[in-house]
Structures are given as structure tokens and as C-alpha cells.
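**Student:**
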Amino acid sequence: MIRILIAEDDERMSRFIEEGLRAAGYAPSVVADSVTAVDLAASGEFDLLLLAAGLRRLDGFTVLAALRHGQAGIPVIFLTAPGSPADSLAALEGGADDCIVKPFPLEELEARVRARVRTVDTGDPLAGSIMRYGPLELNLHALTVSVDGRTVELSAREFALVEMFLLHPGQVLSRQQLLSHVWGRDFDGTSNVVDVHVRQLQLKIGADRILTARDAGYRLG
101 MIRILIAEDD ERMSRFIEEG LRAAGYAPSV VADSVTAVDL AASGEFDLLL LAAGLRRLDG
161 FTVLAALRHG QAGIPVIFLT APGSPADSLA ALEGGADDCI VKPFPLEELE ARVRARVRTV
221 DTGDPLAGSI MRYGPLELNL HALTVSVDGR TVELSAREFA LVEMFLLHPG QVLSRQQLLS
281 HVWGRDFDGT SNVVDVHVRQ LQLKIGADRI LTARDAGYRL G
């Protein structure tokens, strides 16, 4: 099982991330103290580090610098505050593998985690990042979707829907399955949010790409 270290001192945010990753099948651990984060991240016991900019004692940039100076090879996804593009640039220049701005939808974080985990498994940053079904292509590394080679602009949830369909090509997926994957297990199951987003997705990638199975759900066409 993939072990993920979450270095975040915001209790609500760390709980949100921890519960989401655990539900997705990962083994997350949370730490709020920067010194402990450095020790654990450098121990070799974890496959990925989610590192927040704000931590106790030292900030996330100092933690990142300590890890890279010590040649710790653990992949790092840096969590930055909204309205701080300079922080994302500084993190990437400091050795982070990816950045994500808080607050973020869980499905976007999971997509970025999957991309990093594939890199860990293969040693190739592009390995396993391309998913295809006919003319439909999803790139987990670049977080893009294209149809017949044409890039389509999608929201984070639309991207997660496409990924879910590509993971189950030809299979009918129920609305509840899509709700659980994209919106989380606690989302109101009586909502029509799935139908609304699927209709928007059909407009963008083509109605024939996602077909409706009456009273059952949706599948790739």
C-alpha cells in the first residue's frame, strides 16, 4: 500500500486530506511539526509527501530545502495558499514535484497523487499517465483531456468524471458510483449534480462519447 505523509498544521485541512486519501486506498499519516516532517520524509518509509507552506517551527519551504539538501528523493506535492503564485513558483524552483493551491477539490488532489505514485512505481515521470479510449485521451501528468487531438477545457470535476469512465471502459457506472468518486462519500445522493455535470461534459467532448443507460447510469460510447 502506498504510504503518504501529510505535513499540514491546519487540523481541518489535514483531516480532509487524510480521510479522502484513506477512502481512495492509500495509507496516509499526518504530522504538523516541521522537524518531525523532515525526519519522517527522509526516513524512506513514505512514498509521497504532501507539504504545506505553513507548519509549526519552520515553514514548508525550509522543510523542502532541508530534504533536497539532504538528497531525500521523496516526491513532494506542495500545498500553497490562494493568491500566492509566487509561492508555487518558489516551491517548484526549490525542488517540489508539483503544486496545488488550497482549497482544492479532493478529486484534483487524488489525480495529482496518482500521477506522482506512477512515477514512484516506474521511475518514469510519464509512465502510465496517458489513458485512451478511441479518440478520447486523458493525460494525468499534464491534467489535460483531448478529443481527436484537440484539447478540451474541463473543470476539475469534469476531469475526474472522464478519468472514472476511462478506468471502466464500456462499463455502466451508476450515479452513486460517480458521486462517491468525484464528490466524496458524504455527498447528498439525492442530488442531480451528476446528471448536470455529465450533460456539460457531453457538450464539451461530444454526446456520443458518454451514453446514458436508462435508470442505470452512464458509460463511454
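Per this note's numbering, the sequence shown runs over residues 101 to 321. For glycine and all other residues, C-beta sits at the position ideal for the given N, C-alpha and C.
(1) In the structure shown, what three-state DSSP assignment does Ile-117 receive?
(2) Looking only at its chain, what residues have a beta carbon closer than 6 Å to the beta carbon of Gln-302, apart from the 5 residues adjacent to it on each side?
(3) What residue from Ser-291, Leu-279, Ala-307, Leu-209 has the CA that sits closest to Ile-117's CA?
(4) Could you name the residues that DSSP lists as bridge partners for Ala-127?
(5) Between Ala-186, Asp-248, Ala-196, which has its C-alpha nearest Leu-164's C-alpha?
(6) Apart from the five residues on each side of it in sequence, which residues of its chain come closer than 7 Å, Cβ to Cβ, to Ala-141?
(7) Using the beta-carbon count (16 or more within 10 Å), is Glu-193 buried or exposed?
(8) On the criterion of 16 or more Cβ atoms from any shown chain inside 10 Å, does Val-213 qualify as buried, or is it exposed?
(9) Is the beta carbon of Ala-153 sitting closer than 8 Å to the one on Ala-181?
(10) Between the alpha carbons of Leu-121 and Asp-198, how many angstroms are there, rounded?
(11) Which word fits Val-296, buried or exposed, when buried means at least 16 other C-beta atoms lie within 10 angstroms of its C-beta?
(12) Excluding five sequence neighbours on each side, which residues of the same chain lie with their C-beta closer than 7 Å to the C-beta of Glu-207?
(13) Over what stretch of residues does the beta strand (DSSP E) that includes Asp-198 continue unbroken?
(14) Ordered along the chain, which non-local residues of its own chain (more than five positions away) have a Cβ less than 7 Å from that of Gln-271?
(15) What's the C-alpha gap between Val-201 and Glu-263?
(16) Which same chain residues end up closer than 6 Å to Val-130 when comparing Cβ atoms and leaving out the 5 residues on each side of it in sequence?
(17) Quick check on DSSP: helix, strand or coil for Val-247?
(18) Check Phe-204 in the structure and name its three-state DSSP category.
(19) Given Val-217, which residues of its chain have a CB within under 8 Å of its CB, disregarding the five upstream and five downstream residues?
(20) For the beta strand (DSSP E) containing Leu-331, name the first residue and the last one.
**Tutor:** From the atom records:
(1) Here Ile-117 sits in helix by DSSP.
(2) Only Ile-310 meet the Cβ criterion.
(3) Considering only alpha carbons, the answer is Leu-209.
(4) Ala-127 pairs with Arg-103.
(5) That would be Ala-196, whose Cα lies nearest to the Cα of Leu-164.
(6) When the five nearest sequence neighbours on each side are left out, the beta carbons in the same chain lying within less than 7 Å of the beta carbon of Ala-141 are those of Leu-105, Leu-149, Leu-167, Ala-172, Ile-174, in order along the chain.
(7) It counts as exposed.
(8) Burial call: buried.
(9) Cβ atoms of Ala-153 and Ala-181: closer than 8 Å.
(10) Rounded to the nearest angstrom, the gap between the Cα atoms of Leu-121 and Asp-198 is 17 Å.
(11) With fewer than 16 Cβ atoms within 10 Å of its Cβ, Val-296 is classed as exposed.
(12) Counting only Cβ-Cβ distances below 7 Å, and skipping sequence neighbours, we find Ala-256, Arg-257, Ala-260, Val-282.
(13) Segment 198-201, the beta strand (DSSP E) holding Asp-198.
(14) Counting only Cβ-Cβ distances below 7 Å, and skipping sequence neighbours, we find Arg-319.
(15) Glu-263 has its alpha-carbon roughly 21 Å from the corresponding atom of Val-201.
(16) Cβ neighbours of Val-130 beyond the five flanking positions: Ile-106, Ser-114, Glu-118.
(17) Strand, per DSSP.
(18) Phe-204 falls in the coil class under three-state DSSP.
(19) Around Val-217, the same chain offers Ile-102, Asp-147, Leu-148 as residues with beta carbons nearer than 8 Å, after the five sequence neighbours per side are excluded.
(20) Since the first residue shown for the chain is 101 and the last is 321, residue 331 is missing from the structure and cannot be characterised.
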